[in-house]
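Encoded as structure tokens, the structure appears first; notes follow it.
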Amino acid sequence: MRAFLFLFLLFPIIELALLIKVGSAIGVLPTLMLVIGTAILGSLLLRVAGVATAWRAREKLSRGELPEQEMLEGLLIAVGGGLLLLPGFISDIFGVLCLIPFTRRLLVGKIRRRAEEQALRQRAFFDDQAARTGKTNPNVLEGEYERRD
1359 MRAFLFLFLL FPIIELALLI KVGSAIGVLP TLMLVIGTAI LGSLLLRVAG
1409 VATAWRAREK LSRGELPEQE MLEGLLIAVG GGLLLLPGFI SDIFGVLCLI
1459 PFTRRLLVGK IRRRAEEQAL RQRAFFDDQA ARTGKTNPNV LEGEYERRD
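Residues in the sequence shown are numbered consecutively from 1359, following this note's numbering.
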């Protein structure tokens, strides 16, 4: 969590430093045009990729299947579009990686594998704990009662 907080605080400083460096190399106006152009490109790509993913999800739902791949892709499309709308070149690079279909599918595959590994670890921990306590169903409480009038 500390590393995430550190990166969260460091990221805007690095973005600003890169914007200043690019602005001093090519000028202020071209740098502003690049930032505005990537924001416009991001909104267009977000719309096109989002609609295509929504259509694929709708087709799967009509066949009676769960669109889990499309849901994860939709999440990455939203993240990528948001990153492209942010001013800065580093966020634009990560945003484009989230919007390109090939890299998006690679990222979704990695996210799915990591989620499956996490679920297996949690299940193994739960099974191990249940075996140690000897309880097969930890939600059942055994006891006696007596009714008093």
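Cβ atoms here follow ideal geometry from the backbone N, Cα and C, with glycine treated the same way. Predicted model, so just to flag it, every value in this text is computed and none were measured.
- Inclusion of glutamate 1428 and alanine 1415 in the CB contact set at 7 Å is warranted, their separation being smaller than that value.
- With respect to leucine 1443, alanine 1407 sits apart: the two C-beta atoms are not nearer than 7 Å.
- Serine 1382 and alanine 1375 have their C-alpha atoms roughly 11 Å apart.
- In this structure serine 1401 touches glycine 1439 by the C-beta definition: roughly 7 Å separates them, less than 8 Å.
- A distance of 7 Å or more separates the beta carbons of leucine 1433 and arginine 1462.
- The same chain holds no residue with a CB closer than 6 Å to that of methionine 1359 once the five nearest residues on each side in sequence are set aside.
- For aspartate 1450, the enclosing alpha helix (DSSP H) starts and ends at 1447 to 1457.
- For the options Ala1361, Glu1373, Leu1367, the alpha carbon positioned closest to that of phenylalanine 1452 is the one of Glu1373.
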